[in-house]
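Numbering (the numbering used here), first residue to last: 4 to 351. The structure appears below as structure tokens.
Given below as structure tokens:
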């Protein structure tokens, strides 16, 4: 009996050793290598206008390799699974086009390209004075245009003034008009330009170009307050800046990222209290912020109405980085207010 137990115990130890040896052999062999049956895909493409008269439709030429499926997105919520698609954009803008190439094993590659469609590059607006206070606007373009709309104001809901290729506008002295030109192609693509015009022609409003805007004295509520300095340049004449007790010491400054040739500006009076209006002021330009040149000086000037916009032109052909407005006299009071300031480049 004892001998039998020893034999069984010996057999048990042999079985354990055999199991350990087998496990070690498997570990030494490792995980079997996965052999890819298909080469990995690559993604590449080129693009070009499908027609010179249609700047919105592009043909995409797939240069990818080793793919069985392609997925496209055009940056305007449109997609395609065609290997080499054509696509029509419905508006001007910047679009990031993405192509994804996939093989049969799920491997993928991606390529991106950016397409920019600018109305300013598609349309040239022409101006011609046709008498005192009158201006003719027309346009030229290589686009095949199916519909033309000239609208009053910058909103697409503005009244349509004309559907002809040209339009005649009439101006009161010193006033401006905001005109929107909308051109539509046969495929429904739209190019729009917002035009700021006077009887002299097209005006460039550089107020909101890339710049740093600052004031010498701020409203108590700060620049974002209900009557803070940002209200001076928000494009809304029903808002205003108010600074109490500042007297003839108020000034404001624009520092542009790139120099601008400014030769005009408009000021809009506040909604009340005419004694807060500016009466005398000067405008200076500077390249470095240290040496200043007076480009315009006014006074006495009077605003005869509340929220009245007045335009001032001066001669300047120098591009300055800095423009500073300094009030030298108010209209009788010590508090300052103004609804809107726009700095402009008139045709010369």
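Cβ atoms here follow ideal geometry from the backbone N, Cα and C, with glycine treated the same way.
Drop a sphere of 10 angstroms on the beta-carbon of residue i, count the other beta-carbons inside from all chains shown, and report buried for 16 or more, exposed for fewer.
i: residue 49; result: exposed
i: residue 145; result: exposed
i: residue 97; result: exposed
i: residue 345; result: buried
i: residue 119; result: exposed
i: residue 339; result: buried
i: residue 132; result: exposed
i: residue 184; result: buried
i: residue 249; result: buried
i: residue 189; result: exposed
i: residue 253; result: buried
i: residue 215; result: exposed
i: residue 347; result: buried
i: residue 135; result: exposed
i: residue 267; result: buried
i: residue 210; result: buried
i: residue 194; result: buried
i: residue 28; result: The predicted position of residue 28 is uncertain, since its pLDDT is 45 and thus under 50; no value can be drawn from it.
i: residue 138; result: buried
i: residue 265; result: buried
i: residue 355; result: Outside the modelled stretch of the chain, which goes from 4 to 351, sits residue 355, for which no answer is possible.
i: residue 351; result: exposed
i: residue 52; result: exposed
i: residue 159; result: exposed
i: residue 26; result: Caution applies to residue 26, whose pLDDT of 46 falls short of 50 and renders its modelled position unreliable; the value that the coordinates give is listed next. Exposed.
i: residue 24; result: A caution first: residue 24 carries a pLDDT of 48, below 50, which makes its placement in the model unreliable, though a value can still be read off. Its Cβ having fewer than 16 others within 10 Å, residue 24 is exposed.
Are the CB atoms of residue i and residue j nearer to each other than 8 angstroms?
i: residue 235; j: residue 343; result: yes
i: residue 241; j: residue 269; result: no
i: residue 42; j: residue 65; result: no
i: residue 187; j: residue 149; result: yes
i: residue 95; j: residue 84; result: no
i: residue 245; j: residue 230; result: yes
i: residue 123; j: residue 45; result: no
i: residue 164; j: residue 200; result: no
i: residue 154; j: residue 147; result: no
i: residue 89; j: residue 127; result: no
i: residue 319; j: residue 298; result: yes
i: residue 278; j: residue 334; result: yes
i: residue 91; j: residue 60; result: yes
i: residue 243; j: residue 273; result: yes
i: residue 341; j: residue 271; result: yes
i: residue 157; j: residue 197; result: yes
i: residue 93; j: residue 192; result: yes
i: residue 257; j: residue 280; result: no
i: residue 168; j: residue 142; result: yes
i: residue 336; j: residue 276; result: yes
i: residue 255; j: residue 312; result: no
i: residue 151; j: residue 166; result: yes
If I'm right that residue i touches residue j with Cβ under 8 angstroms, what's the distance once you round it to whole angstroms?
i: residue 323; j: residue 290; result: 6 angstroms
i: residue 78; j: residue 100; result: 6 angstroms
i: residue 47; j: residue 114; result: 5 angstroms
Going by DSSP, what residues sit across from residue i in a beta bridge?
i: residue 187; result: 150 and 193
i: residue 131; result: 139
i: residue 344; result: 270
i: residue 104; result: 73 and 112
i: residue 332; result: 283
i: residue 205; result: 200
i: residue 181; result: 199
i: residue 54; result: 57
i: residue 172; result: 138
i: residue 62; result: 51 and 89
i: residue 232; result: None, per the DSSP bridge assignment.
i: residue 320; result: According to DSSP, which records beta bridges pairwise, residue 320 is partnered with nothing at all.
i: residue 216; result: 257
i: residue 263; result: 323
Are there three or more Cβ pairs, one per stretch, closer than 8 angstroms when the region 328-336 is compared with the region 275-286?
-> Segments in contact, yes.
Counting Cβ pairs closer than 8 angstroms, one from the region 201-210 and one from the region 99-115, do we hit at least three?
-> Touching, no, given that fewer than three Cβ pairs across the two stretches are closer than 8 angstroms.
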